[in-house]
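Residue numbers (the numbering used here): 3 to 122.
For reference, the structure is listed below as structure tokens.
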Amino acid sequence: MAKRAPTSWYDFSQDGIKRVIRALADCINEIADGRLNSSGVITLTASAATTAVTDRRVGRDSVILFMPVTANAAAELAAGTMYVQTTDIAPLTNQFTINHANNAQADRTFRYLIAGSEIT
């Protein structure tokens with residue numbers, strides 16, 4: 003579990019400054035170790051051609067990558083029917099829409115990674 007930043011960044015005492023520096027160093031080390039806190043899990047909606055995902059980290063310039071975790075998810079990805087258009091990313095509502103095959107399979111589960119976003 004990643005450590006939280008100090009509750010107050012306005013403690014300018016020597017100990018306060020040390021705590022802030024330590025928190026920043028911990029954050030940088032987490033990033034260097036690959037723990038970016040930019041991933042999630044999604045199961046595609048059965049009997050539908052789209053699945054909406056709400057994630058506050060998505061932005062207009064985001065790249066969204068998928069890793070299947072079930073056999074049906076791997077088949078969906080291999081079939082080439084699953085994609086996210088840039089017009090399907092709606093940062094104002096923190097959503098993106100996945101287009102996919104419309105079938106009854108209820109176990110098409112993926113892990114996803116969101117890379118990049120505009121600074122707000």
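Note that the Cβ used here is the ideal one computed from N, Cα and C, for glycine as well.
In whole angstroms, what is the alpha-carbon distance linking residue i and residue j?
i: Asp13; j: Ala25; result: 13 Å
i: Leu67; j: Ser15; result: 43 Å
i: Met3; j: Gln107; result: In this predicted model, Met3 has a pLDDT of only 49, less than 50, meaning its place in the structure is not dependable; the value taken from the coordinates is given anyway. Their Cα atoms are separated by approximately 33 Å.
i: Ala51; j: Asn39; result: 28 Å
i: Leu79; j: Val71; result: 11 Å
i: Asp109; j: Gln97; result: 21 Å
i: Tyr114; j: Ala34; result: 19 Å
Using DSSP's beta-bridge definition, name the partner residues of residue i.
i: Pro70; result: Phe112
i: Asn101; result: Thr52 and Tyr85
i: Gly42; result: Tyr114
With a 10 Å radius around its C-beta and 16 neighbouring C-beta atoms as the bar for buried, classify residue i as buried or exposed.
i: Ser49; result: exposed
i: Tyr85; result: exposed
i: Ala75; result: buried
i: Leu46; result: buried
i: Ile100; result: buried
i: Ile116; result: buried
i: Arg62; result: exposed
i: Thr88; result: exposed
i: Ile30; result: exposed
Tell me whether residue i sits in a helix, a strand or coil according to DSSP, three-state version.
i: Gln16; result: helix
i: Ala106; result: coil
i: Arg24; result: helix
For this session: Return the chain-ordered ranges of every beta strand (DSSP E) run that is complete within the region 44-98 and spans a minimum of 3 residues.
Result: Annotation: the region 44-98 contains the following complete segments of the beta strand (DSSP E) (minimum length 3 residues), in chain order: 52-56 and 65-70.
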